[in-house]
Amino acid sequence: MYANQIIAKEIVPKGVKAEVPVINEKGILAVAPFVPKALREITEGNRKEAGKMIALIECSSCHAFGKSGLRPMGALVERLGLKDADAVEAVLDALEGYPSMPPFLGTAAEKKALAAYLASLYQ
Ligand code: HEC
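Residue 0 is where the sequence shown starts when you use numbering that gives the first Met the number 0, and the numbers rise one by one after that.
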């Protein structure tokens, strides 16, 4: 299980199923508990808010989203110069390469929403 509570690997004797394939197919917003109904589907109008929700689910166990705290995301986005969503998407694709971070999980539309939100933290 990753630090964000997503079950990465199946444990057959315990009947535990991996969540990764389902999340990548249906989307983290569709699958995760406690997602407000209005954010279960991404639209033009809710993209950034949906991205924030994804960040809270997948990243906030290890990154703060305020100005201070644990590895604050805004500071990382600024340090890496991630001014637009495309630049953030490239980083999201590379998360798997960091030993300390789980990969981004979700649909392509969710990756775009998360990227849009994270890019908005650049000031
Ligand atoms: C299990 C804890 C954990 C989770 C969950 C996590 N991170 Fe991280 N993240 C880290 C650690 C630890 C570092 C510092 C790693 C390093 O510098 O090698 C880091 C560093 C980063 C960096 C800076 C990378 C760099 O090259 O300096 C970015 C950007 C980042 N995380 C984004 C994310 C995003 C986006 C998510 C959610 C999709 C996420 N992280 C989820 C632990 C985590």
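Heads up, the beta-carbon is just placed ideally off N, CA and C, and yes, glycines get one too. These figures come from a predicted structure and were not determined experimentally.
Is residue i helix, strand or coil by DSSP?
{"i": "Glu27", "result": "The question names Glu, but residue 27 in the sequence shown is Ile. Three-state DSSP puts Ile27 in a helix."}
{"i": "Ile56", "result": "helix"}
{"i": "Val21", "result": "helix"}
Would the beta-carbon of residue i fall within 9 Å of that of residue j?
{"i": "Leu81", "j": "Leu55", "result": "no"}
Express the C-alpha separation of residue j and residue i in angstroms, rounding to a whole number.
{"i": "Lys25", "j": "Gly105", "result": "7 Å"}
{"i": "Met100", "j": "Leu79", "result": "17 Å"}
{"i": "Asp92", "j": "Pro35", "result": "26 Å"}
{"i": "Ala29", "j": "Leu94", "result": "22 Å"}
{"i": "Arg5", "j": "Glu18", "result": "Looking at the sequence itself, residue 5 is Ile, so the reference to Arg does not match. If you take the alpha carbons of Ile5 and Glu18, they lie about 7 Å apart."}
{"i": "Ser59", "j": "Gly44", "result": "23 Å"}
Taking the alpha carbon of residue i as the reference point, which residue from the options has its own alpha carbon closest?
{"i": "Glu48", "options": "Glu88, Asp92, Glu109", "result": "Glu109"}
{"i": "Pro20", "options": "Ala7, Asn45, Ser67, Ser60", "result": "Ala7"}
{"i": "Ile41", "options": "Tyr97, Cys61, Leu113, Ala86", "result": "Leu113"}
{"i": "Leu120", "options": "Gly14, Val87, Val15, Val11", "result": "Val87"}
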